[in-house]
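Student: Every position in the sequence shown, counted from 1, becomes a number in my numbering once 677 is added.
Here a beta-carbon is modelled for each residue, glycine too, at the ideal position from N, C-alpha and C.
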Amino acid sequence: MRTSQLKNRVKVTDFQSEVLNQKRLDYFQNYFKNYYYGEFRFGQGTENILMILDELGLGGDWLDLGAGPSTLLWSIPLNDVKSITCNDISVEALKVLNDFVQSDEVPPCYQEALRLCNKTDQHVLEMKKKVQNYLIFDAMSDWPAILDNCKYDLITEFGTFGLAQTPEKFINCFGFLKKYLKPGGRVIGANWTRSAHLIDKEGLDNSYLNLKLIDYVAHRYSYEVLHLEKVNITNDLYYDSVIVFALSH
Ligand SMILES: C[S@@+](CC[C@H](N)C(=O)[O-])C[C@H]1O[C@@H](n2cnc3c(N)ncnc32)[C@H](O)[C@@H]1O
Numbered sequence: 678m679r680t681s682q683l684k685n686r687v688k689v690t691d692f693q694s695e696v697l698n699q700k701r702l703d704y705f706q707n708y709f710k711n712y713y714y715g716e717f718r719f720g721q722g723t724e725n726i727l728m729i730l731d732e733l734g735l736g737g738d739w740l741d742l743g744a745g746p747s748t749l750l751w752s753i754p755l756n757d758v759k760s761i762t763c764n765d766i767s768v769e770a771l772k773v774l775n776d777f778v779q780s781d782e783v784p785p786c787y788q789e790a791l792r793l794c795n796k797t798d799q800h801v802l803e804m805k806k807k808v809q810n811y812l813i814f815d816a817m818s819d820w821p822a823i824l825d826n827c828k829y830d831l832i833t834e835f836g837t838f839g840l841a842q843t844p845e846k847f848i849n850c851f852g853f854l855k856k857y858l859k860p861g862g863r864v865i866g867a868n869w870t871r872s873a874h875l876i877d878k879e880g881l882d883n884s885y886l887n888l889k890l891i892d893y894v895a896h897r898y899s900y901e902v903l904h905l906e907k908v909n910i911t912n913d914l915y916y917d918s919v920i921v922f923a924l925s926h
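(1) For L793, which residues in the same chain have their Cβ closer than 7 Å to its Cβ, ignoring the five residues on either side in sequence?
(2) Starting from K759, trace the beta strand (DSSP E) both ways and give me its first and last residue.
(3) Does the beta-carbon of Y915 have 16 or more other beta-carbons within 10 angstroms, so that it is buried, or is it exposed?
(4) Can you tell me whether S899 is helix, strand or coil according to DSSP?
(5) Does the beta-carbon of T837 have 16 or more other beta-carbons within 10 angstroms, so that it is buried, or is it exposed?
(6) Going by DSSP, what residue range makes up the beta strand (DSSP E) through F922?
(7) Taking just the CA atoms, how far does G861 sit from L812?
(8) If you follow the alpha helix (DSSP H) that E769 is in, where does it begin and where does it stop?
(9) So K878 and Y857 are in contact, right, with Cβ under 8 Å, and what is the actual spacing, rounded?
(10) Quick one: what's got a C-beta closer than 7 Å to S918's C-beta in the same chain, skipping five residues either side?
(11) So is the beta-carbon of P821 under 8 Å away from any non-hydrogen atom of ligand 1?
(12) For ligand 1, I want to know if G734 counts as a neighbour, meaning its beta carbon is within less than 8 Å of at least one of the ligand's heavy atoms.
(13) Return yes when the C-beta of T837 is under 8 Å from any heavy atom of ligand 1, and no when it is not.
(14) Quick one, which of F853, N883, I876 has its alpha-carbon nearest G942's?
(15) Per DSSP, what kind of secondary structure is K805 in: helix, strand or coil?
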């Protein structure tokens, strides 16, 4: 693919013809194996997010923003999903996700999540078949024209908007996405607050994340707050808490 074509393409139809950055590919392969692969780690907010998706997640057309390799984990509580669209700013993240989608593997962490939701491996295998689109774009600024006529029942973001450099940029994300939600559609997400140690190490300070900020977002863009919670994380070097929310259009 030529550089000019690469610059403008959003939809990935064939990962074989993508030019991949090996370092980023390694990063996402390690992410896939280190985060939600082996033993399910309780106390990191994962079980809280799964329960909120179980209670408030909608079926229908689902868009997962900043999917990384993890969309299928968050699919576990959902029912009646018609189509799944996965977005990330990095093609390498989606390549690792697609490799997983193409396999019939159901990792141990997924099996525990399935057990929590009273489901079997079959659910994940079925969800893999629903992944229809891979879209590369920056979900934290104006969305590309290819999405102009798309509307979703459910839009999720797990650990993505919390990477915004400032509270203003975080707030704006919810404005960009609103017109892509069907009436009655929902946005469900979770963002991890970084520990002083991680901020020191990597520099992105997202200590602006708190419950009031989500309340402000809801007020600013006229969402109804269906759920809002801060889950404290203890004994973790990198994260202090996770803010979990569900908003309705
Ligand atoms: C912390 S990871 C979370 C991945 C996944 N959602 C999960 O639950 O494990 C953040 C992801 O957001 C992606 N990302 C970062 N900035 C983005 C942006 N502006 N638009 C879309 N994706 C973005 C990263 O490439 C990465 O895959």
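Tutor: With the structure as the only source:
(1) By one-based count along the sequence shown, residue 793 stands at place 116. The residues are E724, L727.
(2) As a position in the sequence shown, residue 759 is number 82, starting the count at 1. Start and end: 758-765.
(3) The count along the sequence shown starts at 1 and reaches residue 915 at position 238. Counting Cβ neighbours within 10 Å, Y915 comes out exposed, since fewer than 16 surround it.
(4) As a working note, residue 899 is residue 222 in the sequence shown. In the structure shown, S899 sits in coil (DSSP, three-state: anything other than H, G, I, E or B).
(5) To locate residue 837, count along the sequence shown from 1; it is residue 160. Looking at its Cβ environment, which holds 16 or more other Cβ atoms inside 10 Å, T837 is buried.
(6) Here residue 922 refers to the residue found at position 245 when the sequence shown is read from its first residue. Residues 916-925.
(7) Within the sequence shown, numbered from 1, the residue matching residue 812 stands at position 135. Within the sequence shown, numbered from 1, the residue matching residue 861 stands at position 184. Taking the straight line from one Cα to the other gives about 24 Å.
(8) As a first step, residue 769 is located in the sequence shown; it is residue number 92 there, counting from the start. E769 -> alpha helix (DSSP H) spans 768-779.
(9) As a working note, residue 878 is residue 201 in the sequence shown. As a working note, residue 857 is residue 180 in the sequence shown. Their Cβ separation, rounded to whole angstroms, is 34 Å, which puts K878 and Y857 out of contact at 8 Å.
(10) Here residue 918 is taken as the residue at index 241 of the sequence shown, counted from 1. Excluding sequence neighbours, S918 sits near T870, K907, V908, N909, I910.
(11) For the purposes of this step, residue 821 is identified with residue 144 of the sequence shown, where counting begins at 1. For ligand 1, not one heavy atom lies less than 8 Å from the Cβ of P821.
(12) Residue mapping note: residue 734 aligns to position 57 of the sequence shown, counting from 1. Checking every heavy atom of ligand 1 against the Cβ of G734, none is found closer than 8 Å.
(13) Along the sequence shown, read from residue 1 onward, the residue named residue 837 stands at position 160. Yes, the Cβ of T837 comes within 8 Å of a heavy atom of ligand 1.
(14) Since the first and last residues shown for the chain are 678 and 926, residue 942 lies out of range.
(15) In the sequence shown, the residue the question calls residue 805 occupies position 128. Here K805 sits in helix by DSSP.
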